[in-house]
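Reminder that position 53 of the sequence shown reads as 53 in full-length UniProt numbering, one-by-one numbering, no gaps.
Glycine included, each C-beta is placed from N, C-alpha and C at the ideal position.
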Amino acid sequence: MREKVCLITGATSGIGLESARGLAGQGATVVLAGRDPGRGEAALAEIRRTVPDAKLDLMLADLTSLASVRKLAEDFQRKYSRLDVLLNNAGLIIDRRKVTPDGFEATFATNHLAHFLLTHQLLELLKASGASRVVNVSSEAHRMGSLGFLDDPQAERGGYSGMRVYGNSKLANILFTRGLKRRLEGTKVTTNSLHPGVVRTGFGLNSEGILKYLVKLSSPFMLTVEGGARTSVYLASSPEVEGVSGRYFIKSKVARESRAAQDDAATEKLWQKSAELTGVGS
């Protein structure tokens with residue numbers, strides 16, 4: 001990965017931090033995107049503790065704000081002339097409905113819309129960088145999702161369920177990957193999605209209800225963050241997946257998505273709706 005540049009969202013903790021460490025250890029220049037400067041600097045120091053010669057950078061962005069996502073893309077392109085790996089890693093799960101400054105349901109906005117917009121804003125740079133890769137962190141929780149969310153992406157009807165909305169957002173990650181793969185045909189850019197495993201991080205502990213306690217109870221049976229980052233690093237760097245695109249991976253192996261995640265009409269419907277909500281071309 002020497003001479004290659006990687007951008008990772010949600011990189012200041014959890015599997016994002018471990019993915020950054022893994023890619024830095026292979027010689028890549030790794031740009032960590034996070035919203036808290038203190039946690040960001042701590043993440044840089046933590047990686048340098050184990051990878052002393054790591055080439056790292058920190059860029060601040062709040063993925064609940066589309067304006068902040070656009071600024072991240074602008075800041076990155078102002079500083080870097082290439083992008084070899086975009087790892088859309090950041091994720092959110094909450095148990096009470098919250099709305100972003102743009103008026104979107106927070107889980108859908110953070111887990112899908114922010115990454116849709118960021119990828120769109122950086123797509124020309126990815127194409128210009130040759131055999132670059134877009135890696136989207138999804139989850140087996142996508143199997144809890146339903147294509148009905150396409151008619152209610154803001155989760156305004158039928159009562160709010162944090163797990164259901166999270167599952168819908170992870171389903172969106174895979175549909176987005178499929179839609180992006182089609183639009184990348186004829187280029188050297190590939191895109192794949194993955195399930196990292198059930199990982200022992202701080203994920204879900206910001207919830208206020210039963211979800212927080214379920215996470216704590218199941219923690220002893222979860223993967224380490226190092227194990228959780230393994231498939232992300234594999235898809236970002238391994239020559240074994242060069243040219244592979246539009247697939248879903250578990251434990252660094254191709255896996256079958258849910259039937260809903262293979263729906264072509266839903267893929268296009270989500271793309272058009274996302275383009276409309278983020279104000280980009282279709």
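C-alpha distance - residue i paired with residue j, whole-angstrom precision
{"i": "Met-163", "j": "Met-144", "result": "8 Å"}
{"i": "Ser-218", "j": "Pro-196", "result": "With a pLDDT of 39 at Ser-218, under the threshold of 50, the predicted position of this residue should be treated as unreliable, and no value is reported."}
{"i": "Asn-192", "j": "Ala-61", "result": "23 Å"}
{"i": "Glu-3", "j": "Ala-90", "result": "24 Å"}
{"i": "Ala-131", "j": "Leu-147", "result": "32 Å"}
{"i": "Thr-187", "j": "Ser-68", "result": "28 Å"}
{"i": "Glu-18", "j": "Leu-235", "result": "14 Å"}
{"i": "Glu-268", "j": "Gly-179", "result": "7 Å"}
{"i": "Ala-265", "j": "Trp-271", "result": "10 Å"}
{"i": "Pro-37", "j": "Leu-72", "result": "14 Å"}
{"i": "Ser-13", "j": "Ala-43", "result": "7 Å"}
{"i": "residue 293", "j": "Leu-56", "result": "It is not possible to answer for residue 293, since the shown part of the chain is limited to 1 through 282."}
{"i": "Glu-96", "j": "Asp-53", "result": "A small fix is needed here, since residue 96 is Arg in this sequence, not Glu. Taking the straight line from one Cα to the other gives about 42 Å."}
{"i": "Thr-64", "j": "Val-165", "result": "16 Å"}
{"i": "Ile-250", "j": "Arg-133", "result": "17 Å"}
{"i": "Leu-66", "j": "Pro-239", "result": "33 Å"}
{"i": "Ile-15", "j": "Asn-88", "result": "11 Å"}
{"i": "Asp-151", "j": "Ala-11", "result": "31 Å"}
{"i": "Cys-6", "j": "Phe-149", "result": "32 Å"}
{"i": "Ala-261", "j": "His-142", "result": "8 Å"}
{"i": "residue 283", "j": "Val-280", "result": "With the chain covering only 1 through 282, there is no way to say anything about residue 283."}
{"i": "Val-215", "j": "Glu-226", "result": "Only weak support is given to the placement of Val-215: the predicted model assigns it a pLDDT of 43, under 50, and the question is left unresolved by the model."}
{"i": "Gly-158", "j": "Lys-79", "result": "45 Å"}
{"i": "Glu-41", "j": "Leu-92", "result": "21 Å"}
{"i": "Val-241", "j": "Gly-103", "result": "38 Å"}
{"i": "Asp-263", "j": "Pro-101", "result": "31 Å"}
{"i": "Glu-276", "j": "Val-233", "result": "32 Å"}
{"i": "Lys-181", "j": "Glu-105", "result": "26 Å"}
Candidates the options, of which the one nearest residue i by Cα
{"i": "Val-51", "options": "Ala-24, Ser-65, Phe-108", "result": "Ala-24"}
{"i": "Ser-274", "options": "Asn-173, Val-233, Lys-55, Leu-56", "result": "Asn-173"}
{"i": "Ser-161", "options": "Asp-102, Ile-94, Thr-190", "result": "Ile-94"}
{"i": "Val-228", "options": "Leu-113, Cys-6, Met-1, Gly-22", "result": "Before going further, note that residue 228 is Gly rather than Val in the sequence given. Minimum Cα distance to Gly-228 is reached at Gly-22."}
{"i": "Thr-119", "options": "Lys-251, Ala-261, Asp-53, Arg-70", "result": "Arg-70"}
{"i": "Glu-74", "options": "Leu-117, Ala-20, Arg-182", "result": "Leu-117"}
{"i": "Glu-140", "options": "Leu-122, Glu-276, Gly-167", "result": "Gly-167"}
{"i": "Arg-39", "options": "Gln-26, Thr-190, Met-59, Thr-110", "result": "Met-59"}
{"i": "Thr-110", "options": "Gly-281, Gln-154, Val-189", "result": "Gln-154"}
{"i": "Gln-121", "options": "Leu-86, Glu-105, Leu-194", "result": "Leu-86"}
{"i": "Glu-156", "options": "Glu-124, Lys-98, Thr-190, Leu-125", "result": "Lys-98"}
{"i": "Lys-127", "options": "Gly-158, Phe-104, Leu-184, Pro-101", "result": "Leu-184"}
Distance between beta carbons of residue j and residue i, contact taken as under 8 Å
{"i": "Lys-170", "j": "Ser-138", "result": "5 Å"}
{"i": "Leu-83", "j": "Thr-278", "result": "Rounded, the Cβ-Cβ distance is 19 Å, inconsistent with contact."}
{"i": "Gln-26", "j": "Ser-237", "result": "6 Å"}
{"i": "Thr-177", "j": "Asn-136", "result": "5 Å"}
{"i": "Leu-175", "j": "Thr-231", "result": "Incorrect: roughly 19 Å between the Cβ atoms, too far for contact."}
{"i": "Met-1", "j": "Ala-28", "result": "4 Å"}
{"i": "His-115", "j": "Thr-190", "result": "Incorrect: roughly 16 Å between the Cβ atoms, too far for contact."}
Exercise for review: For the segment 26 to 35 and the segment 245 to 256, state whether three or more C-beta atom pairs, one from each stretch, are separated by less than 8 Å.
Suggested key: no
Exercise for review: Assess, as a yes-or-no matter, whether the segment 251 to 262 is touched by the segment 41 to 49 under the definition of 3 or more beta carbon pairs within less than 8 Å.
Suggested key: no
**Study point:** Complete alpha helix (DSSP H) runs within the segment 59 to 108 (minimum length 4 residues, chain order)
**Key:** 66 to 79
**Study point:** In chain order, each beta strand (DSSP E) run of at least 3 residues that lies wholly inside the segment 163 to 202
**Key:** 190 to 195
Practice item. Within the segment 235 to 277, note down every full beta strand (DSSP E) run reaching 3 residues or more, in order along the chain. Key: 248 to 250, 253 to 255
Point to revise | Runs of alpha helix (DSSP H) lying entirely within the segment 109 to 141, each at least 4 residues, in chain order | key: 114 to 128
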